[in-house]
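Everything below concerns the one structure shown next.
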Ligand code: PMP
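Residue numbers (our numbering): 20 to 437.
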């Protein structure tokens, strides 16, 4: 497929129509991280999508994209992955949401505890927020303490404690959050000391992946200190792998650092797009985990569990993190070279499997927006301020196709004063 053979309409008739209808029946037209309007994203960004296949996605106007967002992470093995879809179809044929869980639940828990180094047990829910919230609640139940520590700005979900927006949230909802600075051992230690005896958990992501700013690898010393300090203060270490799960290391993101958390939250890539999250934990927290009341009408549905079993099995068999790392390195190397040659230096920050674009001298994101827009019009779906995601479907051919298109995008931008 060459660049010229793809149509990318400047006019988005269907998208515009559906947006207009949405504005009448959906608050704000759209909400949360799926809002794509002129304030949040470049003008060419589609709001509504029709379908996906492998690394490709199509918007409602029929424009095809090589998708570097992967549904904001859930797509790990390609859209409509045949193995995952076969497991889904087989389970759907016999039952999904039943009066009780199916054996798939136990099979999936067995698979996760066999795969994730520190996991002695697993519980399932729907969203990442469910899993991070359950983790905090279990740590509180285990310790009888109230507070939990999180890195400033870090996102762990959209419930009353975590949601980044103030609207509708009370001071009381936030009263038990204590913040530290990511990668700053002294700030973590100070927070623990100040609230000594009342910290139930430290929740932390495997690396710093806040929006808008350069992503930052974890300092191994910080990870080790978090483990040591949590233990010393009797608090649980809760690793939030909702975004990173199964892209960095299938056995746990900090495994290579020799750091094992007490609890880990997963969602997104866990079932290649099917709705499920998991909280896994160590034996020491098993009793507390069985004491708390966490549940939901759809938390036991069998189809997402069948999808999860197929996804994790396939991710382990393929060594998905290594495959995606190779793809990510190819993309990063190619894109950064193009940007340099165009006189618009760019860094793909963070792990190559889930990079965030930072252009030099671009505090107002003008370059990031202009480049993303030009890439979208050429069939490459990027993001100007959130980390992107690659998948095992991003083969070398797919990445090279994307790079041919991004070269064309840089050529367009070369004439502009950004
Ligand atoms: N933690 C992290 C690190 C996340 O990135 C997200 C979602 N972006 C969440 C938690 C919440 O997950 P969900 O949106 O599925 O509730």
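Glycine included, C-beta positions come from ideal geometry on N, C-alpha and C. Quick caveat, the model's predicted, so the values are computed rather than measured.
The beta carbon of residue 266 sits no closer than 7 Å to any heavy atom of ligand 1. Judged by their CB atoms, residue 153 and residue 311 are nearer to each other than the 8 Å cut-off. Under the DSSP definition of a beta bridge, residue 376 partners with 367. For residue 130, no pairing in a beta bridge is given by DSSP. For residue 169, the uninterrupted beta strand (DSSP E) segment begins and ends at 166 to 170.
For residue 146, the CB falls within less than 7 Å of some heavy atom of ligand 1. In the three-state scheme derived from DSSP, where H, G and I count as helix and E and B as strand, residue 296 is classed as strand.
Contact check for residue 65 against residue 78 passes: the beta carbons are separated by less than 8 Å.
Counting only runs of at least 4 residues, the stretch 73 to 158 fully encloses the following alpha helix (DSSP H) elements, listed from N- to C-terminal order: 101 to 113, 122 to 134. Closer than 7 Å to some heavy atom of ligand 1: that does not describe the Cβ of residue 369.
The closest heavy atom of ligand 1 lies less than 7 Å from the beta carbon of residue 262.
As DSSP reads the structure, residue 71 sits in a beta bridge with 76. In the displayed model, residue 246 falls within a helix according to three-state DSSP.
Following the DSSP letters along the chain, one finds residue 220 inside the beta strand (DSSP E) bounded by residues 218 to 223.
In the structure shown, the three-state DSSP call for residue 414 is coil. In this structure, the alpha-carbon of residue 298 lies about 48 Å from that of residue 435. By the Cβ neighbour-count rule, residue 46 is exposed, with fewer than 16 other Cβ atoms within 10 Å of its own. In the DSSP assignment, residue 203 falls outside any beta strand (DSSP E) and carries neither an H nor an E. Excluding the 5 residues flanking it on each side, residue 92 has same chain C-beta neighbours closer than 7 Å at 262, 287, 288, 408, in chain order.
Judged by the Cβ position, residue 402 fails to qualify as a neighbour of ligand 1 at the 7 Å threshold, every heavy atom of the ligand being at least this far. Only residues of its own chain outside the window of five on either side were considered, and among them 22, 394, 397, 398, 399 have a CB closer than 7 Å to the CB of residue 424, listed in chain order.
By the C-beta criterion, the stretch 212 to 231 is judged to be in contact with the stretch 153 to 173, since at least 3 inter-stretch pairs fall below 8 Å.
Here the alpha carbons of residue 316 and residue 241 stand approximately 39 Å from one another.
Less than 8 Å separates the beta-carbon of residue 210 from that of residue 199.
In this structure residue 97 is in contact with residue 411, their Cβ atoms being roughly 7 Å apart against a cut-off of 8 Å. Secondary structure note for residue 190: its alpha helix (DSSP H) is the uninterrupted segment 190 to 193. The Cβ atoms of residue 346 and residue 418 lie closer than 8 Å to each other.
In terms of CA proximity to residue 432, 362 leads the group 251, 348, 362, 234. Residue 257 carries a strand assignment under DSSP once its states are collapsed to helix, strand and coil. For residue 393, there is no enclosing beta strand (DSSP E); the enclosing alpha helix (DSSP H) has its first and last residue at 385 to 395. Closest in alpha carbon position to residue 58, among 388, 428, 83, is 388. At a cut-off of 7 Å, the beta-carbon of residue 259 counts as near ligand 1: some heavy atom of the ligand is closer than that.
Per the C-alpha coordinates, the member of 128, 205, 73 positioned closest to residue 300 is 128. Segment contact: the stretch 130 to 140 against the stretch 263 to 278, three or more CB-CB distances shorter than 8 Å; contact assigned. Only exposed fits residue 70, as fewer than 16 other CB atoms lie within 10 angstroms of its CB. Here the alpha carbons of residue 430 and residue 324 stand approximately 46 Å from one another.
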